[in-house]
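Enquirer: Just so you know, the numbering used here puts 252 at position 180 of the sequence shown, and the rest follows in order with no gaps.
Glycine included, every Cβ here is placed at the ideal spot set by N, Cα and C.
The model shown is predicted, which means the values in this text are computed figures rather than measured ones.
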Amino acid sequence: MTIRVNIPPKRKTNPGQIVETKFLYKILPHLPHPPEELLQQNLATDKPNHIPQIPHFDGFKREDGQTVSPEIKAWLCPDNLDKWVQENIGPTNRGLMYRKVMIEKDKTFYPPHIDVNRKFVILYNLVDSGGEFCFWKEKNQPVTRSMLTRAMCFDYSQMDLLEKFVPPVRTWYLTNVQVLHSVENLKAVRENIQFNCEPWDPLVVEHLQPI
């Protein structure tokens, strides 16, 4: 059953507000695939944008001895792909992003963090980069965290694994990014397109089920 939620599109949530959900992620194989000709164009556009390029971070404590995370590069997608996603996947898409996690031999993880400017994200991986998407709970901290709290955890011994899954390739999936999450054991550069979902987005309401 499709749940339709009619809430004014300009409504915004308080950055400190927590939106807990029954499910932390959902794979959405029923959603349509973007046309191949749109994906084959240059996705790293030079459109003016304010998407942050995320540098590497140092000081992680892990069993495998890796201490430095890879850089993350991001661009706004071409207008024609952005329009297709708005019309076919998510009307709350306000800026489709193309993102690459630039792994190296000794930097094969996307570190545990919560997103500081969004609560839910829908992604579409373009290549098979391997790895596992992991959700964590930091000891003595809540599962679902406010954007206003500390965004990263550097010490893996201070976290408990909640859930993990293998991110699909060429299939949309939806995640709650208010919960500490990482991608572990990447085998190649990770490339995807993604956009923010609002708590009232029908995709979030139906598939993650806010509590």
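Where does Leu246 land, buried or exposed, given buried means 16+ other C-beta within 10 angstroms?
Expert: Classification for Leu246: buried.
Enquirer: Please determine if the stretch 261–274 and the stretch 198–214 are in contact, where contact requires at least 3 C-beta pairs separated by less than 8 angstroms.
Expert: Counting Cβ pairs under 8 angstroms, three or more are found: they touch.
Enquirer: From the DSSP output, in three-state form, read off Pro183 for me.
Expert: Strand.
Enquirer: Near Asp92, what residues of its chain come up, given a Cβ to Cβ distance below 6 angstroms and the 5 sequence neighbours on each side ignored?
Expert: Checking the sequence, you will find Glu at residue 92 rather than Asp. Counting only Cβ-Cβ distances below 6 angstroms, and skipping sequence neighbours, we find Thr216, Ile283.
Enquirer: Since Phe205 sits in a beta bridge, which residues does DSSP pair it with?
Expert: Phe205 pairs with Phe237, Val255.
Enquirer: Using the Cα positions of Asn165 and Leu103, report the straight-line distance between them to the nearest angstrom.
Expert: Cα to Cα, Asn165 sits roughly 15 angstroms from Leu103.
Enquirer: Determine the direct distance from the alpha carbon of Arg222 to that of Leu275, and round the result to whole angstroms.
Expert: Roughly 28 angstroms between the two C-alpha positions.
Enquirer: Glu92 by DSSP, collapsed to three states: which one?
Expert: Glu92: coil per DSSP, three-state reduction.
Enquirer: Tell me which same chain residues have a C-beta within less than 8 angstroms of the C-beta of Pro240, skipping the five on either side of it?
Expert: Closer than 8 angstroms at Cβ, skipping near neighbours: Ile99, Pro101, Asn197.
Enquirer: Residues in its own chain within less than 6 angstroms of Gly131 by CB, not counting five upstream and five downstream?
Expert: The answer, listed in chain order, is Phe226.
Enquirer: Please report how far the alpha carbon of His128 lies from the alpha carbon of Pro184, in whole angstroms.
Expert: Cα to Cα, His128 sits roughly 13 angstroms from Pro184.
Enquirer: For the alpha helix (DSSP H) holding Asn197, just list the boundary residues, first then last.
Expert: Element bounds for Asn197: not the alpha helix (DSSP H) but the beta strand (DSSP E), 192–197.
Enquirer: Taking the alpha carbon of Trp37 as the reference point, which residue from Met231, Trp208, Gly167, Pro214 has its own alpha carbon closest?
Expert: This structure leaves residue 37 out entirely; the chain is present only between 73 and 283.
Enquirer: Taking 8 angstroms as the cut-off, decide whether the C-beta atoms of His279 and Phe207 are in contact.
Expert: Their beta carbons are not under 8 angstroms apart, which means His279 does not touch Phe207 by this criterion.
Enquirer: Got a sec: is the Cβ-Cβ distance from Pro163 to anything in chain C below 8 angstroms?
Expert: Checking the listed chains, one finds no chain C in this structure; it contains a single protein chain.
Enquirer: Between the stretch 152–160 and the stretch 176–183, can you find at least three pairs of beta-carbon atoms closer than 8 angstroms?
Expert: The stretch 176–183 vs the stretch 152–160: no contact.
Enquirer: Pull up the distance between the alpha-carbon of Thr139 and that of Gln230, whole angstroms please.
Expert: Roughly 15 angstroms separates the two Cα atoms.
Enquirer: Buried or exposed for Lys119, please, with buried defined as at least 16 other CB atoms from any protein chain shown within 10 angstroms of its CB.
Expert: It is exposed - the Cβ of Lys119 has fewer than 16 other Cβ atoms within 10 Å.
Enquirer: Alpha carbon to alpha carbon, what distance is there between Glu256 and Arg134?
Expert: The alpha-carbon atoms of Arg134 and Glu256 are separated by roughly 11 angstroms.
Enquirer: Would the beta-carbon of Met42 fall within 8 angstroms of that of Gly88?
Expert: Residue 42 lies beyond the residue range present for the chain, which begins at 73 and ends at 283; the question has no answer from this structure.
Enquirer: Apply the 10 Å Cβ neighbour rule to Lys82 and answer buried if 16 or more other Cβ atoms are within range, or exposed otherwise.
Expert: At Lys82 the pLDDT is 44, less than 50, meaning the model places this residue with poor confidence; the figure from the coordinates comes in the next sentence. Exposed.
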